[in-house]
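Residue numbering for the sequence shown follows numbering that gives the first Met the number 0, starting at 0 and increasing by one per position. Positions of the beta carbon are idealized from the N, C-alpha and C atoms, including for glycine. Since the model is a prediction, treat every value here as computed from it, not as a measurement.
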Amino acid sequence: MNTFYMHWNLNDLKRKFSTDLPHIYNAAQKAETVTEFKQMIIRLCRNDAVARLCNHDGQTVKDFSTEKEVYIQTISLLYSFLHNQTINNSRADRIAEKEIATQTKIQSASVDLLTDLYFIFRNTDDKTYKKPVTEAKLVQWSKHWVSGLSPAVQQVREENRLRIIRKLVLRLERRHSVNTPYFLPGFRSFEEKQRLVEEWWNNYRFHLHMAIKNPDELNFYLDNALSEETMHILHDAKKKGIPFFITPYYLSLLDITGKNYDDVGIRSYILYTRELVDTFSEIKAWEKEDEVEPGKANAAGWLLPEGHNIHRRYPEVAIFIPDSCGRACGGLCASCQRMYDFQSKRLNFNLKELLPKESWPLKLKKLMTYFEEDTQLRDILITGGDALMSRNATLRHIFDAIYKMALQKKKANLIRPDGDKYAEIQRIRLGTRLPAYLPMRIDEELISFLKEFREKASKIGIKQFIIQTHFQTPLEMTKEAKEAIKRIISVGWIITNQMVFNVASSRRGHAVALRKVLINNGVVPYYTFSVKGFRENYAVYTPIARSLQERYEEKVYGKLDQEEQEAFIRILYNNIPYINEINDFLQKKKRMFVATDRSVLNLPGIGKSMTFGIAGITPEGKRILCFDHDATRKHSPAIQNIGKVYITENKSILAYLKQLEQLGEDVKSYQSIWEYTEGITESKFKLYEYPEYLFRQTEKVNHIDIDS
Numbered sequence: 000m001n002t003f004y005m006h007w008n009l010n011d012l013k014r015k016f017s018t019d020l021p022h023i024y025n026a027a028q029k030a031e032t033v034t035e036f037k038q039m040i041i042r043l044c045r046n047d048a049v050a051r052l053c054n055h056d057g058q059t060v061k062d063f064s065t066e067k068e069v070y071i072q073t074i075s076l077l078y079s080f081l082h083n084q085t086i087n088n089s090r091a092d093r094i095a096e097k098e099i100a101t102q103t104k105i106q107s108a109s110v111d112l113l114t115d116l117y118f119i120f121r122n123t124d125d126k127t128y129k130k131p132v133t134e135a136k137l138v139q140w141s142k143h144w145v146s147g148l149s150p151a152v153q154q155v156r157e158e159n160r161l162r163i164i165r166k167l168v169l170r171l172e173r174r175h176s177v178n179t180p181y182f183l184p185g186f187r188s189f190e191e192k193q194r195l196v197e198e199w200w201n202n203y204r205f206h207l208h209m210a211i212k213n214p215d216e217l218n219f220y221l222d223n224a225l226s227e228e229t230m231h232i233l234h235d236a237k238k239k240g241i242p243f244f245i246t247p248y249y250l251s252l253l254d255i256t257g258k259n260y261d262d263v264g265i266r267s268y269i270l271y272t273r274e275l276v277d278t279f280s281e282i283k284a285w286e287k288e289d290e291v292e293p294g295k296a297n298a299a300g301w302l303l304p305e306g307h308n309i310h311r312r313y314p315e316v317a318i319f320i321p322d323s324c325g326r327a328c329g330g331l332c333a334s335c336q337r338m339y340d341f342q343s344k345r346l347n348f349n350l351k352e353l354l355p356k357e358s359w360p361l362k363l364k365k366l367m368t369y370f371e372e373d374t375q376l377r378d379i380l381i382t383g384g385d386a387l388m389s390r391n392a393t394l395r396h397i398f399d400a401i402y403k404m405a406l407q408k409k410k411a412n413l414i415r416p417d418g419d420k421y422a423e424i425q426r427i428r429l430g431t432r433l434p435a436y437l438p439m440r441i442d443e444e445l446i447s448f449l450k451e452f453r454e455k456a457s458k459i460g461i462k463q464f465i466i467q468t469h470f471q472t473p474l475e476m477t478k479e480a481k482e483a484i485k486r487i488i489s490v491g492w493i494i495t496n497q498m499v500f501n502v503a504s505s506r507r508g509h510a511v512a513l514r515k516v517l518i519n520n521g522v523v524p525y526y527t528f529s530v531k532g533f534r535e536n537y538a539v540y541t542p543i544a545r546s547l548q549e550r551y552e553e554k555v556y557g558k559l560d561q562e563e564q565e566a567f568i569r570i571l572y573n574n575i576p577y578i579n580e581i582n583d584f585l586q587k588k589k590r591m592f593v594a595t596d597r598s599v600l601n602l603p604g605i606g607k608s609m610t611f612g613i614a615g616i617t618p619e620g621k622r623i624l625c626f627d628h629d630a631t632r633k634h635s636p637a638i639q640n641i642g643k644v645y646i647t648e649n650k651s652i653l654a655y656l657k658q659l660e661q662l663g664e665d666v667k668s669y670q671s672i673w674e675y676t677e678g679i680t681e682s683k684f685k686l687y688e689y690p691e692y693l694f695r696q697t698e699k700v701n702h703i704d705i706d707s
């Protein structure tokens with residue numbers, strides 16, 4: 000018998016249960032009914048996960064993401080498998096009402112399901128739960144993930160850049176119109192043209208102008224290195240209407256030879272999967288609060304102005320999406336949480352059409368009125384798309400409007416009695432991936448008005464100025480990105496990062512390597528997001544158990560206590576810029592990195608959480624998780640009407656491990672993943688808490704319709 004679980008079959012599993020878990024196996028032989036079996040194993044195991052699986056067995060729950068009913072038969076399937084017989088409807092009537100709702104045969108229980116159950120039962124008495132790996136092992140893993148600042152990587156990227164520039168010259172030579180700033184006169188030599196394109200390379204507008212927009216063009220710039228299968232998928236994506244938009248700069252980060260460094264983390268962002276292509280046009284909004292009908296409250300109960308400009312789930316935060324080029328991005332991330340909006344074309348890459356219309360100033364005024372009249376709002380996240388895809392003039396106009404609104408709100412509070420005062424604006428954020436996708440965008444003009452706004456807004460009580468970016472892999476930290484980061488923090492803005500925990504980035508030591516290169520260069524980790532679990536993300540989805548495993552076994556080495564957090568925050572607020580001081584702090588504390596981020600899943604309707612317990616496992620081995628909301632933050636009052644949230648993961652743990660094996664990972668180092676069957680949302684790092692007001696704020700919540 001093969002002893003490694005990656006290769007077990009059903010016969011192997013039956014022997015493993017009988018030899019390693021004889022109390023479970025014998026209980027299945029003795030029990031005459033599933034109900035009796037469940038009662039026996041609850042007494043034998045005295046384990047929360049086992050108890051939840053038993054208590055949910057035979058129940059039907061509604062999956063909150065798909066809105067489909069899911070019948071849970073986890074323990075029934077195990078009983079059927081171990082009892083060595085078929086359980087059918089006629090016997091179900093004799094055993095117990097609704098004990099088994101549908102005919103369940105032994106082969107219905109997959110290897111994936113039974114392997115998961117084997118480890119859940121085996122680990123009931125295991126004391127290794129939440130045990131960190133050794134620091135030496137963590138260092139070894141993290142060193143595998145080189146950054147874009149490595150001299151060897153930079154050399155490859157320079158070769159890539161020159162290759163792409165030569166190909167850009169070939170493309171530009173075909174142009175005959177002079178009505179473009181990027182025109183190559185025919186009388187110049189190829190070398191002269193190449194030098195001109197090299198100058199343009201440093202201008203972000205050139206990269207947007209020359210962005211790759213179809214599969215053949217993409218393969219052309221990659222020296223036809225893409226496989227026939229990949230090209231077939233990409234052509235199907237184009238036919239389906241999935242946008243392509245990849246800047247020459249970002250394309251230069253790939254290694255077309257596959258020999259110099261592991262660039263799967265980058266490829267998983269620009270190369271679409273078969274599942275995404277097949278489901279595009281049928282994608283639903285994962286964040287249900289983003290589905291808004293005029294005049295009706297969203298899923299979180301909020302009444303919003305028309306136009307899809309404001310997204311909201313929490314009382315204190317509003318996401319603001321302007322009618323501008325900010326409805327585009329520097330590239331379309333394959334696992335984008337707003338893929339629904341690209342499908343509906345509310346977000347797109349038609350940059351000329353996205354320029355603000357004449358009606359925008361009036362609409363902006365109405366949106367600011369909504370913010371001004373809100374009783375709880377204190378945090379505005381300007382995003383999209385991507386906030387920095389908007390032109391500087393557009394951003395300046397938006398910032399001026401926010402400043403005036405915040406000032407009016409502050410003045411109005413002067414005549415409101417204590418206890419009735421509205422929340423005042425304390426935090427302004429810009430959501431952007433351009434420091435990674437297109438760092439040339441961080442130009443002097445942008446930096447100038449970021450500095451100007453911070454100085455002006457600070458005087459009226461706005462205290463937190465944050466660029467919320469998204470680096471996914473250490474390879475995205477290039478010399479250009481490093482310079483862009485320096486520019487931003489030199490004018491007093493803090494940069495925070497959100498990483499998406501997909502398959503490539505979930506590999507052992509990768510998240511730690513990313514946190515290290517980020518913090519060394521002035522970017523503070525904020526969130527580590529689990530990928531939304533719809534079918535289009537099957538190839539990149541990482542089970543929640545791996546997120547918990549990374550948190551308890553790897554990220555734990557970067558945790559700061561309360562006193563250290565306060566010292567760290569003082570560095571950020573008292574030093575402009577703060578990079579040297581942060582690195583001195585790390586050296587003094589003998590830390591490789593700091594873990595300032597929270598690992599979360601963006602739940603449909605009720606926001607971010609990692610508070611859950613396993614409720615079941617589908618016959619295919621996908622875990623069914625029962626989530627509760629994050630108890631550490633304020634929620635919409637509508638949360639009372641939502642209750643528990645059931646989410647079915649779209650991939651089994653065994654299927655995920657097989658993916659890692661194909662990527663060359665030593666899967667044995669992940670074996671403790673099976674132990675993580677429940678979670679509690681991490682407490683918020685003190686940097687991300689709101690400042691205390693010097694007045695008593697009203698408890699009244701407006702702009703809401705709880706009943707709907």
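Between the Cα of I41 and those of T527, T32 and I23, spot the shortest distance and give me the residue it belongs to.
-> Stepping through the sequence shown from its first residue, residue 41 is reached at position 42. The shortest Cα separation from I41 among T527, T32 and I23 belongs to I23.
Measuring alpha carbon to alpha carbon, tell me which residue in K420, L429 and R312 is nearest L387.
Position 388 of the sequence shown, counted from the first residue, corresponds to residue 387. Ranking the options by Cα distance to L387, first place goes to L429.
Q: Report the three-state DSSP secondary structure of E286 (helix, strand or coil).
A: By one-based count along the sequence shown, residue 286 stands at place 287. In the three-state scheme derived from DSSP, where H, G and I count as helix and E and B as strand, E286 is classed as coil.
* Can you give the Cα-Cα distance for A284 and D62, rounded to whole angstroms? -> By one-based count along the sequence shown, residue 284 stands at place 285. By one-based count along the sequence shown, residue 62 stands at place 63. Straight through space, the alpha carbons of D62 and A284 are spaced by roughly 14 Å.
(Q) With DSSP as the reference, identify every bridge partner of D62, one or two as the case may be. (A) Sequence index remark: in the sequence shown, residue 62 carries index 63 (1-based). The secondary-structure analysis by DSSP pairs D62 across a beta bridge with Y645.
Margin query: Can you find the residues in the same chain that come closer than 8 Å, C-beta to C-beta, to Y537, ignoring five residues on each side of it along the sequence?
Written below: For the purposes of this step, residue 537 is taken as residue 538 along the sequence shown, with counting starting at 1. Correct list, in chain order: T272, E274, N649 and K650.
Original post:
Using 8 Å as the threshold, is the region 233-251 in touch with the region 129-147, meaning 3 or more CB pairs across them?
Top reply: Put simply, the region 233-251 does not touch the region 129-147. Fewer than three CB pairs are less than 8 Å apart.
Item to complete: Name the two residues that bound the continuous alpha helix (DSSP H) containing L163.
Response: Taking the sequence shown and counting its residues from 1, the one referred to as residue 163 is at position 164. Note on identity: in this sequence residue 163 is Ile, with Leu being the wrong assignment. P150 to E172 is the extent of the alpha helix (DSSP H) around I163.
> How far does the beta strand (DSSP E) with F611 in it reach, from first residue to last?
Replying inline: As a first step, residue 611 must be located in the sequence shown, where it is residue number 612. Its beta strand (DSSP E) spans residues T610 to I616.
Notebook entry, point to check: Taking C-beta to C-beta, are I703 and G418 nearer than 8 Å?
Noted result: Taking the first residue of the sequence shown as 1, we reach residue 703 at position 704. Taking the first residue of the sequence shown as 1, we reach residue 418 at position 419. In this structure, I703 sits away from G418, with a CB-CB distance that is not shorter than 8 Å.
Report the option in R395, V263 and M439 whose CA atom is closest to the CA atom of F448.
In the sequence shown, counting from the first residue as 1, residue 448 sits at position 449. The option with the nearest alpha carbon to F448 is R395.
DSSP three-state assignment for V593, whether helix, strand or coil:
Within the sequence shown, numbered from 1, the residue matching residue 593 stands at position 594. Three-state DSSP puts V593 in coil, outside helix and strand.
Review point. Going by other Cβ atoms of all chains shown within 10 Å of its Cβ, with 16 needed for buried, is Y572 buried or exposed?
Key: Position 573 of the sequence shown, counted from the first residue, corresponds to residue 572. Around the beta carbon of Y572, a 10 Å sphere encloses fewer than 16 other beta carbons of the protein chains shown; the residue is thus reported as exposed.
So for H628, helix, strand or coil by DSSP?
On the sequence shown, residue 628 is found 629 positions in, with the first residue counted as 1. H628 falls in the coil class under three-state DSSP.
**Item:** Straight-line Cα distance separating K667 from Y268
**Value:** For the purposes of this step, residue 268 is taken as residue 269 along the sequence shown, with counting starting at 1. For the purposes of this step, residue 667 is taken as residue 668 along the sequence shown, with counting starting at 1. Here the C-alpha atom of Y268 lies approximately 27 Å from the C-alpha atom of K667.
Assuming L624 and A637 form a contact by the criterion Cβ under 8 Å, report the distance between their Cβ atoms to the nearest whole angstrom.
What you label residue 624 is simply residue 625 of the sequence shown in a count that begins at 1. What you label residue 637 is simply residue 638 of the sequence shown in a count that begins at 1. Contact flag wrong, Cβ pair sits at about 22 Å.
Unbroken beta strand (DSSP E) run spanning G495, endpoints:
Counted from its first residue, the sequence shown places residue 495 at position 496. The identity of residue 495 in the sequence shown is Thr, whereas the question assumes Gly. Per DSSP, T495 belongs to the beta strand (DSSP E) from I493 to F500.
Original post:
Do you know how far the Cα of Y421 is from the Cα of N412?
Top reply: The residue you call residue 412 lines up with position 413 of the sequence shown. The residue you call residue 421 lines up with position 422 of the sequence shown. Taking C-alpha positions only, N412 is separated from Y421 by approximately 7 Å.
**Prompt:** Below 8 Å between beta carbons: does that hold for C53 and I74?
**Reply:** Residue 53 sits at position 54 when you count from the first residue of the sequence shown. Residue 74 sits at position 75 when you count from the first residue of the sequence shown. Yes. Within cutoff.
Item to complete: Could you name each continuous beta strand (DSSP E) segment of 3 residues or more that falls completely within the region 432-479, going from the start of the chain to the end?
Response: Counting only runs of at least 3 residues, the region 432-479 fully encloses the following beta strand (DSSP E) elements, listed from N- to C-terminal order: 463-468.
(Q) Would the region 364-378 count as touching the region 297-314 if we require 3 or more Cβ pairs under 8 Å? (A) Contact between the region 364-378 and the region 297-314 is present: three or more C-beta pairs spanning the two stretches fall below 8 Å.
In three-state terms, what does DSSP make of S529?
Position 530 of the sequence shown holds residue 529. For S529, the three-state secondary structure derived from DSSP is strand.
TODO: Kindly give me the distance between the Cβ atoms of Q467 and Y525, rounded to whole angstroms, as I take these residues to be in contact under 8 Å.
DONE: In the sequence shown, residue 467 corresponds to position 468, counting from 1. In the sequence shown, residue 525 corresponds to position 526, counting from 1. With 8 Å as the limit, Q467 and Y525 qualify as a contact, their Cβ atoms being about 7 Å apart.
Determine the direct distance from the alpha carbon of E288 to that of N297, and round the result to whole angstroms.
Here the question's residue 297 lines up with position 298 in the sequence shown. Here the question's residue 288 lines up with position 289 in the sequence shown. Between N297 and E288, the C-alpha separation is close to 5 Å.
Give the secondary structure of P524 by DSSP, where H, G and I count as helix, E and B as strand, and everything else as coil.
-> For the purposes of this step, residue 524 is taken as residue 525 along the sequence shown, with counting starting at 1. Correct three-state label for P524: strand.
Spell out the partners DSSP gives L429 in its beta bridges. The residue given as residue 429 occupies position 430 in the sequence shown. Under the DSSP definition of a beta bridge, L429 partners with I381 and I466.
### Proximal residues to K212 (C-beta, below 7 Å), its chain only, five neighbours per side dropped
Taking the sequence shown and counting its residues from 1, one reaches residue 212 at position 213. Excluding five sequence positions before and after K212, the CB atoms of its chain that fall closer than 7 Å to its own CB belong to F243 and F244, given in chain order.
Check: DSSP on W7, reduced to helix/strand/coil?
Finding: Numbered from 1 along the sequence shown, position 8 holds the residue referred to as residue 7. Three-state result, W7: coil.
- Among all the DSSP beta bridges, which residues are the ones paired with G606? One-based indexing of the sequence shown puts residue 606 at position 607. DSSP lists L602 as the beta-bridge partner residues of G606.
- Task: Note down the Cα distance separating I232 from E688, rounded to an integer number of angstroms.
- Result: Position 233 of the sequence shown, counted from the first residue, corresponds to residue 232. Position 689 of the sequence shown, counted from the first residue, corresponds to residue 688. Approximately 44 Å, taken between the alpha carbons.
- Message: Am I right that K554 and A503 are in contact with their C-beta atoms under 8 Å? What's the rounded C-beta distance?
- Response: As a position in the sequence shown, residue 554 is number 555, starting the count at 1. As a position in the sequence shown, residue 503 is number 504, starting the count at 1. Between A503 and K554 the Cβ distance is about 17 Å, and since that is not below 8 Å, they are no contact.
For K237, which residues does DSSP report across the bridge?
-> Start at 1 with the first residue of the sequence shown, and residue 237 comes out as number 238. For K237, which the question treats as bridged, DSSP gives no partner whatsoever.
Spatial distance of Y645 from T59 (CA atoms) | On the sequence shown, position 646 is the one that residue 645 refers to. On the sequence shown, position 60 is the one that residue 59 refers to. One C-alpha to the other measures close to 11 Å.
Would I255 and D277 qualify as a contact pair, given that the criterion is a beta-carbon distance under 8 Å?
Position 256 of the sequence shown holds residue 255. Position 278 of the sequence shown holds residue 277. It is not a contact, given that the beta carbons lie outside the stated cut-off.
>> According to DSSP, simplified to helix, strand and coil, what is A317?
In response: Translated into the one-based positions of the sequence shown, residue 317 becomes position 318. Annotated three-state conformation of A317 is strand, per DSSP.
Sub-8 Å separation of D378 and R432 beta-carbons:
Here residue 378 is taken as the residue at index 379 of the sequence shown, counted from 1. Here residue 432 is taken as the residue at index 433 of the sequence shown, counted from 1. At least 8 Å separates the beta-carbon of D378 from that of R432.
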